[in-house]
Every structure is written in C-alpha cells, then in structure tokens.
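Written out as structure tokens, the structure reads:
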C-alpha cells in the first residue's frame, strides 16, 4: 500500500490529508486539523470545529462508498498564545507525518520532501499569495488583499486620491490590512491606474494620541481611513467632532473583517446624539457581506453542535455561517472530497507506483481555477485566492442608523448602489467633499505654495483680460481711422471688407 501525505498549513490552521488507495473501491481521506483550540480568533476550533465535523458527515453521505472522509484534531486546549500554538504545531505535525509516512531507511525518513497543500480558513496575508515562496497555498476564506482592493476602488470611485490611514497599534488584523493596502498602492503603475497619495499614522486609544493622529491626517487629506476596532473608531469620531472636523469636509471610513462584537458591528455607530450627528453623515463602514440565504437549517445544526461539543454560543443576531471562517471550514472539506471523488481512479492507480499525482502542487492545480457546482453551500469558485464580497454602510438621517447603501461583488468587479439610499452629506452644497479643497489642507506645508499658485493664476487671467480689452479698443480706434493691413501684408487670402472680422 502506498500512502500519499498532503498537508495544508498556515500560521493559524493546519490540515493533514492522507489519501490511502486500497484494493477496494473506497478511497480513505483522512483530515488532520492542527487548528488552535481557543485563542480569541474566529478560526479557533471552538468556533469552526462543529463545521468541520458536520462537513465530514455530509461528505461521507454524498460520496460513499467511493470516498471515506475522517477527521482528527491535534490541538492542545491549554495553549493560548501564538508562540505556544506555533511551537506545538511544528512538533505534533512532524511527529504525525513521520509516523504515518512509509520509508525504507532512516536517511529516507529525514530527507523526505514535504509537499503540502497549504489552506487557510482565515484571512490570508499578502505573503501567503506569493507563488514563489508558497507554491501550494490556497486561500479559501478570503484575503486581506481583497479588502485592500475594495477600499482602494471605493476611494477612486469618489475621486479621492489623498488619503490618511490611521492605524490602531497592537492589533494584528488591522496592521496586516494596512500593510496590504500600502503594498497594493505601491504596486500600482501610474500609467495604468491612479496612485493614491497615502499619509500613514499610528495611534493609541488615548486622547493625546488620537489628537496627534487627527492633526497628522488633516494636514494632507480630507479622507481618513480608520483601521481599528469599532469601539475605538467610535471614540475617534467623537473626538474628531470636538476637534471641529464635523463640518462635512472630512470623510471617515472604518473597515472591519466582518460584523462581530470582537471587531465592532455597524450598529455601534447608530443613534448618536444630535450634537454629534454631523460627523456620522460623512462616515462609511466597510465589511464582509455574507450571503445568509438558504442556510438556516445548517446554521442551526452548527450552532447546536458547537454548544454540545465546546459549550460556546454564537453572538446574538448572527449565525455561524455569517463568519467567513466557519463557511470556509465547511467548504474545505466539501471541495477536497469532491476533488478526490471525481479523480479517485487516478488515486487507485497510484497504489502500484512509488510516486503519486497527489502532491500538494498537483492537488492545488486540480482544485483551483474552476467552479464547484451544487456544493452544500452553493456554487463555489476557487482561484489562487478568494476575494470576499463586501457591504458599504452609511448613516441614514431618517432612521439614525447605519444602513447598507451598496455592495462590491467580485463576480462583476463593480459597486452596486441601492437607488433608494443616498448619503446625506453635511457639506454646504450637499455634495461629497473635494479630494483637495480650494484653500489646501489645514497646516500642510504645501498650502502656501498652492495658494501662491492660485493667486498667480488669477493674476495671469486678469492681465489677459486687460490686454484683450485694450486690444479691442485699439482695434476699434484704428478701424475708425480706416487703417488696415491688406491681405498681401499678412500673407492671407484677400477678403471683402464687409466680411472682415476679428476674433478676440
């Protein structure tokens, strides 16, 4: 019997695939999951374990007797830090791999090449998408790059090229998002697309730090992207109001991975006091858009199993499959089982060879750049990286709440705006603020030069008008005296005197 080992691993998630061809018609697909048990991240076993369990049950019902899927967890429930989790994952995965791999000599044991398929059920950073360093990587849940692209397109849609990014320190998810956004902008070729002029500042959740960040932002832009928890972004908005940035000429944008209390829901920004109302009218909230359709029964099953296995309850007002991590966990099992099932004949043929087509690279090629039809959660397209659809929320003055005004869908690559929802801008003309105000940015070192340029331009126009008026008066004077240059003098065709004209 030849055993093929296929791994999927990232910093927060690891899967081990063991496809065992046998003399019978069934192919055994063993999934070894090294996700952390609980470390305050949505990918933890306490939140995604039930989805894996139910997905395995569904796959066995669907593909039996051709494929038999099993699941094994390698977590240590006592681990709480990333360092503990990373160290133990290396040890446990190495131990499992070597014990399960068939080798003839000790030298073969230590020189075996690990060709693993890397899959993330959480948001994948940019380096995960580097084909040179991660040739077998697959981002099923989504990517930070996807969020960065939508944010950039949203800014360009409104013709805002000057933007300040305010990053709350000490929170990994927002730091990673900021890095992806900045890298994306650096990669843009000016000849192909507009490059944003980004001013980057960090801040802590203190009044003095927020004051410095806002002062830094207003010196170079009127558009301020706040990458922080929702509660922190709310404090920053209130502080900005007290600082006089609520005249509608400043736009604030908060980006969240998804609507959960750990990040901050859109409802946080609803029902402000009348005094603070204006700044919310120039505020946007961007986040992941879950489908939430036709999954009620499965949501109930996942919630019940999560409660029974891990004694955890999902947040009020949200369903398990609203989380991209839970949805991706189910998809991972579904898509792998489907791939193995449709190519099981090749797997069985590999039993007679010492090599197998089921390396990490080969499996990646079989899964990517295709659409899986009629899966448990609907049709699923898998590319090199999965970009998530997103919702854009704005403040409604009628309901005093944040309401979705549009969405970004990757299938179309466009924004879809709701016709009945319009932004009630607090500007004097009711229009979005300009990218660069006529008077320049407050406190910006370039303001004086812009003002000088503007004054010079006005003076030039005035001088030209004076010259034009003077020339016209001279023309009328010489016409009255009958003084004309003939056509021969100016090298132009002769004209009848009655049709001569002068264009000023």
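In my numbering, the protein residues as written are 628 to 1131.
Just so it is clear, CB atoms sit at the ideal spot from N, CA and C, and this is done for glycine as well.
Residue closest to residue i, alpha-carbon to alpha-carbon, out of the options
i            : options             : result
residue 1048 : 1038, 1037, 1025    : 1025
residue 921  : 951, 1051, 1005     : 1005
residue 1061 : 747, 845, 787       : 787
residue 773  : 947, 1023, 916      : 916
residue 835  : 867, 807, 816, 823  : 867
residue 923  : 947, 822, 888       : 947
residue 750  : 775, 998, 759       : 775
residue 1051 : 758, 874, 705, 891  : 874
residue 778  : 893, 817, 669, 913  : 913
residue 1042 : 839, 1066, 1017     : 1017
residue 1045 : 1031, 859, 817      : 1031
residue 807  : 757, 703, 658, 705  : 757
residue 660  : 957, 966, 1001, 860 : 957
residue 891  : 816, 872, 861       : 861
residue 820  : 780, 799, 846, 849  : 780
residue 826  : 784, 845, 656, 799  : 845
residue 872  : 1002, 690, 904, 859 : 904
residue 1066 : 667, 657, 849       : 849
Buried or exposed by the 16-neighbour rule on C-beta atoms within 10 Å, applied to residue i
i            : result
residue 1123 : In this prediction, residue 1123 has a pLDDT of 38, which is less than 50 and means its spatial position is unreliable; what the coordinates show is noted afterwards. Exposed, since its Cβ has fewer than 16 Cβ neighbours within 10 Å.
residue 743  : buried
residue 954  : buried
residue 680  : buried
residue 902  : exposed
residue 842  : exposed
residue 1064 : exposed
residue 797  : exposed
residue 745  : buried
residue 949  : buried
residue 812  : buried
residue 1055 : exposed
residue 1057 : exposed
residue 934  : exposed
residue 1035 : buried
residue 692  : exposed
residue 884  : buried
residue 735  : Because the pLDDT of residue 735 is 33, which lies under 50, any placement of that residue in the model is unreliable, and the number read from its coordinates should be weighed accordingly. Result: exposed.
residue 674  : buried
residue 886  : buried
residue 943  : exposed
residue 893  : buried
residue 1075 : Bear in mind that the predicted position of residue 1075 carries a pLDDT of just 43, short of 50, making it unreliable; the figure below should be weighed with that in mind. The residue in question, residue 1075, is exposed, as its Cβ has fewer than 16 Cβ neighbours within 10 Å.
residue 699  : exposed
residue 823  : buried
residue 1000 : exposed
residue 951  : buried
Expected contact under 8 Å - CB spacing of residue i and residue j to nearest Å
i            : j            : result
residue 1019 : residue 1033 : 5 Å
residue 801  : residue 863  : Actually they are not in contact, since the Cβ atoms of residue 801 and residue 863 sit about 13 Å apart, beyond 8 Å.
residue 765  : residue 994  : 7 Å
residue 929  : residue 678  : 5 Å
residue 991  : residue 763  : 5 Å
residue 755  : residue 803  : Their Cβ separation, rounded to whole angstroms, is 10 Å, which puts residue 755 and residue 803 out of contact at 8 Å.
residue 828  : residue 805  : So it is not a contact: roughly 10 Å between Cβ atoms.
residue 851  : residue 878  : 7 Å
residue 830  : residue 1029 : Their Cβ separation, rounded to whole angstroms, is 23 Å, which puts residue 830 and residue 1029 out of contact at 8 Å.
Those residues which DSSP pairs with residue i across a bridge
i            : result
residue 914  : 883, 1018
residue 826  : 791
residue 1002 : 1005
residue 997  : 1009
residue 1023 : 1028
residue 1044 : 1033
residue 1066 : Its beta-bridge partners do not exist; DSSP assigns none.
residue 751  : 770
residue 781  : BP columns for residue 781 are empty, so no partner.
residue 700  : 660
First through last residue of the alpha helix (DSSP H) which encompasses residue i
i           : result
residue 954 : 951-969
residue 837 : 834-845
residue 875 : Taken as a continuous stretch (DSSP letters only), residue 875 belongs to no alpha helix (DSSP H), as it is neither H nor E.
residue 799 : 799-814
residue 907 : 904-907
residue 764 : That residue, residue 764, is in no alpha helix (DSSP H); its beta strand (DSSP E) goes 764-766.
residue 854 : Looking at the DSSP string, residue 854 is not in any alpha helix (DSSP H); the run it does join, the beta strand (DSSP E), is 850-854.
residue 923 : 923-937
residue 671 : Run containing residue 671: none; DSSP gives neither H nor E here.
residue 858 : 857-869
Start-to-end residues for the beta strand (DSSP E) that takes in residue i
i            : result
residue 1035 : 1028-1036
residue 747  : 745-747
Cutoff 8 Å: residue i Cβ touching any chain C Cβ
i            : result
residue 1022 : No chain C appears in the structure shown, which is made up of a single protein chain.
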